[in-house]
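Chains as they are written, first to last, in the numbering used here: chain A, 154 to 443; chain B, -7 to 393.
Ideal Cβ positions, reconstructed from N, Cα and C, are used throughout, including at glycine.
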Amino acid sequence: MLIATIQNLENLAAFKKSGGDGVLVALEPFSIRNESVIEKEQLIEWKDQCRALDLRLFVNMMRMIHEEDLDALAHFLRYLKEIDIDGIYYADEGVYELAREIGIEDRLIYQPETLVTSWADVQFYKQLGIQSICLAHELSLEEIEEIAQKEQDIEILIDGYFSILYSRRHLIKNYMHHLEKKTDQKRFDLIENTREERLPVLEEESGTFVFSPRPIQSYNQIQDLQKAGVHRFRIDSIFSTDAETIEKVQIYKKLLDGERIEANLESQIGSDRWYHEQTVRKKGDKACKK
Amino acid sequence: MQKIELLAPAGNLEKAKTAIRYGADAVYIGGKQFSLRSRASNFSLADIQELTDFAHRHGSKVHVTVNILPHNEDLEGLKEYLLALEEAQIDAIIVASPYLMKLAKSLPVSYQVHVSTQHSSTNSASVRFWQKEGMDRVVLGRECTLEEIEAIAQHSTLPLEVFIHGGMCIAYSGRCVLSNHLTMRDANRGGCAQSCRWKYHLMDQEQEVSDPDDLFSMSSKDLQAIPYVQKLIELGIASLKIEGRMKSAYYLATVVSSYRRLIDTIYEKGSVSAEEMKAIEKEIRKAENRQTGPGFLNGIPDDSVQLYRDHDEIVTQEYVADVIGYDPITKTAKLLVRNYFQPHSVLEIFGPKIISTPVKIEEVFDEEETLLEVCNKPMEIVYTKWDGPIEIGAMVRKIKE
């Protein structure tokens, strides 16, 4: 299954044609990284269109939940049950707890970005009765393959920028205030003072997000992942257009169907370095490259 | 109702014992394996056993952090380690990986399992989740405001632990791998390089938005929750936690004894006067090496709770000696020198039973009874007449202007 965000309803048919299986939409207030959001009233229309095209519709609800959000959260989950949503991405145990009370835990997909790093933790989440578990993006190909061989219901981010820091603080607004400057802009880049690479940073009402310096890209790994038993693949389309997303889906679909791609894919801005790197536990340990 | 627990960090056996002597009801430590803060000098199983013996004799408890997020390769040996901790008679483990929590619960161990702040539990539905999973306590995320903590406490029956002092993560704990990406050091396996505290250029495409002389940073002031402790006690919070397994024994002694005094005063008198609160805040500042603020307790932090400049880090050099002996007949104190100080000066003593008190000293002699002009050799033993309160294990500091 190939899942991606599509921003415009009109592009759903093209997305389907390119080989997409599931659409992930953000709608406030429980979504994060809301580069493009839809209104709650539109959700039913999206659901109808998806049904007509035989696409599955998923909702981004990955915001960290605070006590004052709980009533609205329960209400929102009941609405999602009512419209028979296909899946809900979440990162906070509170979402699970309320979904279980409503009886829709089987729609949930756990996507905490960083927290799931072993087959043993995948097993824990699986026995909760949820649909799928997203692995941390920093795992090596070898680690993912080992997990996939033991556990079926995992999902892998194969393409796009991914969040490496989620803060409740408004870090940009605070800094601008400190400088006595004003900005309405939400999206900037960070460059560490002694380094070159740029880290995209996005601030919204729920907090601040820092992203990987480059988008992950898996043209060379998707077939191995498929062989190892991974069936769910996600493309994060943040900072890109529907046309770009659809083009990528097309390529990944071909690869999943066993086709060889002749075009040179190496010139893209994406990187697959994370598949080959192993992080270390402390200063002085040697990072290994495979 | 059970008295609230004051929970202190400790990087080694000496620090743990100091924290307990200065009033910690419990200490938390890391073992050599499976713990974050890999640079803190972590405890062997023999050290842990020695500490639990010491702690239990003093009516204190020992919590062990087993809070890494394990990768496949880290899973081996976990079961044996959890059983060994039971042998060492620890009181609780602090855990981030749910697999590990459930593993501990499946073993014949009598210690509690606490859900680490690495999980960022910030609402009562999460707390309920962990309660149904059989856990004994949840450490709340540091992102909760006091108002939110109050509401969570009202809606929860599981014991809650709240951070009251020390370093803050800029992100939801556990949800940050900035260190992994900038240094290859795994933040969730003990390698965090605190890359958030570094300086960054903030760019709007090719245009620099940041001030090159005052760059962007994601560094937070440390937490200091003295004004909020009474409320936390009233809310029925189980444990108040101090951060800092990397901090010195002097820092611990100062911070732990200050909160001890605050908590005991609140229990004895029902409240604490503004004057007393001020005195305790002043005392705690003597050990701080970073500016402090209310964290999230007073609401989502604005720029006044952030650090942008290098000189925001304060160097503390006040701590000068440990009291290692006292002769009541000659009224002579035996001191172990830690930092430079001068004879014929006014110093300040504080100890497990002594509130900070100024004491004027005169001549100081070394072990050969030679009169010293300055005391500047760390770990040298010196003697001086002591006209003031004293106890073995007390610490001596300079008085700052």
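Does the distance from the CB of residue i to the CB of residue j come in under 8 angstroms?
i: residue 58(B); j: residue 85(B); result: yes
i: residue 113(A); j: residue 311(A); result: No answer is possible for residue 113(A): it lies beyond the span of chain A, which begins at 154 and ends at 443.
i: residue 130(B); j: residue 150(B); result: yes
i: residue -3(B); j: residue 230(B); result: yes
i: residue 339(B); j: residue 351(B); result: yes
i: residue 165(B); j: residue 184(B); result: no
i: residue 332(B); j: residue 326(B); result: no
i: residue 272(B); j: residue 322(A); result: no
i: residue 60(B); j: residue 182(B); result: yes
i: residue 428(A); j: residue 293(A); result: yes
i: residue 313(B); j: residue 388(B); result: yes
i: residue 425(A); j: residue 390(A); result: no
i: residue 172(A); j: residue 402(A); result: yes
i: residue 286(B); j: residue 179(B); result: no
i: residue 207(B); j: residue 187(B); result: no
i: residue 183(A); j: residue 211(A); result: no
i: residue 223(A); j: residue 243(A); result: no
i: residue 275(A); j: residue 307(A); result: yes
i: residue 104(B); j: residue 327(A); result: no
So residue i packs on residue j, CB below 8 angstroms; how close in whole Å?
i: residue 352(A); j: residue 342(A); result: 7 angstroms
i: residue 387(A); j: residue 159(A); result: At roughly 13 angstroms, the Cβ-Cβ gap does not stay under 8 angstroms, so residue 387(A) and residue 159(A) are not in contact.
i: residue 365(A); j: residue 314(A); result: 6 angstroms
i: residue 209(A); j: residue 175(A); result: 4 angstroms
i: residue 63(B); j: residue 267(A); result: With a Cβ gap of about 12 angstroms, residue 63(B) and residue 267(A) do not count as contacting.
i: residue 246(A); j: residue 252(A); result: Their Cβ separation, rounded to whole angstroms, is 10 angstroms, which puts residue 246(A) and residue 252(A) out of contact at 8 angstroms.
i: residue 264(B); j: residue 222(B); result: 6 angstroms
i: residue 275(B); j: residue 337(B); result: Contact flag wrong, Cβ pair sits at about 20 angstroms.
For residue i, return the contacting residues in chain A, with the cut-off set at a CB-CB distance below 7 angstroms.
i: residue 201(B); result: 341
Can you tell me whether DSSP reads residue i as helix, strand or coil?
i: residue 245(B); result: helix
i: residue 347(B); result: coil
i: residue 188(B); result: helix
i: residue 441(A); result: In this prediction, residue 441(A) scores a pLDDT of 48, lower than 50, which makes its location untrustworthy; no coordinate-derived value is stated.
i: residue 331(B); result: coil
i: residue 289(A); result: coil
i: residue 174(A); result: coil
i: residue 103(B); result: coil
i: residue 207(A); result: coil
i: residue 83(B); result: coil
i: residue 9(B); result: helix
i: residue 372(A); result: coil
i: residue 161(A); result: coil
i: residue 329(A); result: helix
Under 9 angstroms Cβ-Cβ, which residues of chain B neighbour residue i?
i: residue 370(A); result: The contacting residues do not exist; residue 370(A) stays about 16 angstroms from chain B at best.
i: residue 212(A); result: None at all; the shortest Cβ gap to chain B is about 18 angstroms.
i: residue 184(A); result: By Cβ distance, chain B contributes nothing, its closest Cβ being about 16 angstroms from residue 184(A), past 9 angstroms.
i: residue 271(A); result: 61, 62, 63, 64, 65, 66, 67, 89 and 91
i: residue 300(A); result: 64
i: residue 338(A); result: 196 and 201
Please list, in chain order, the chain A residues whose beta carbon lies closer than 8 angstroms to that of residue i.
i: residue 378(B); result: In chain order: nothing, as chain A lies at least about 43 angstroms away.
i: residue 361(B); result: None at all; the shortest Cβ gap to chain A is about 46 angstroms.
i: residue 401(B); result: Past the edges of chain B, shown from -7 to 393, lies residue 401(B), and the structure says nothing about it.
i: residue 428(B); result: Coverage of chain B is limited to positions -7 through 393, which leaves residue 428(B) absent and any answer about it impossible.
Find the residues of chain B that neighbour residue i, judging by a C-beta separation of less than 8 angstroms, and give them in chain order.
i: residue 218(A); result: 114, 115, 117 and 118
i: residue 223(A); result: 115, 116 and 117
Can you name the residues of chain B whose CB is closer than 7 angstroms to the CB of residue i?
i: residue 363(A); result: 170
i: residue 266(A); result: 167
i: residue 168(A); result: What residue 168(A) touches in chain B: nothing, since even the nearest Cβ is about 29 angstroms away.
i: residue 291(A); result: 169 and 172
Does chain E have any CB closer than 8 angstroms to the CB of residue i?
i: residue 274(A); result: Absent from the structure is chain E; the protein chains it does hold are A and B.
Would you list, in chain order, the members of the region 154 to 186 of chain B that have their beta-carbon closer than 9 angstroms to a beta-carbon of chain A?
161, 162, 163, 164, 166, 167, 168, 169, 170, 171, 172, 173, 174, 175, 176, 177, 178, 179, 180, 181, 182, 183 and 185
When you check each C-beta in the region 88 to 102 of chain B against every C-beta of chain A, which residues fall closer than 9 angstroms?
88, 89, 90, 91, 92, 93, 94 and 95
At a CB distance below 8 angstroms, what residues from the region 253 to 271 of chain B approach chain A? Give them in sequence order.
none
Interface positions of the region 236 to 254 of chain B facing chain A (Cβ-Cβ less than 7 angstroms), listed along the chain:
none
Proximal residues, the region 378 to 411 of chain A versus chain B, C-beta separation under 7 angstroms
none
If you measure beta-carbon to beta-carbon, which residues of the region 218 to 238 of chain B are closer than 9 angstroms to chain A?
none
Counting only Cβ-Cβ distances shorter than 7 angstroms, please list the residues of the region 283 to 302 of chain B near chain A, keeping chain order.
292, 293, 294, 295, 298 and 300
The region 225 to 247 of chain A: positions lying closer than 9 angstroms to chain B by Cβ
226, 227, 244, 245, 246 and 247
Positions along the region 314 to 335 of chain A whose CB lies within less than 9 angstroms of some CB in chain B
316, 317, 318, 319, 320, 321, 322, 323, 324, 325, 326, 327, 328, 329, 330, 331, 332 and 334
In the region 141 to 152 of chain B, which residues sit with their C-beta less than 8 angstroms from some C-beta in chain A, listed in chain order?
143, 144 and 147
Closer than 9 angstroms, Cβ to any Cβ of chain B: which residues of the region 342 to 353 of chain A, in chain order?
342, 343, 344, 345, 346, 347, 348, 350, 351 and 352
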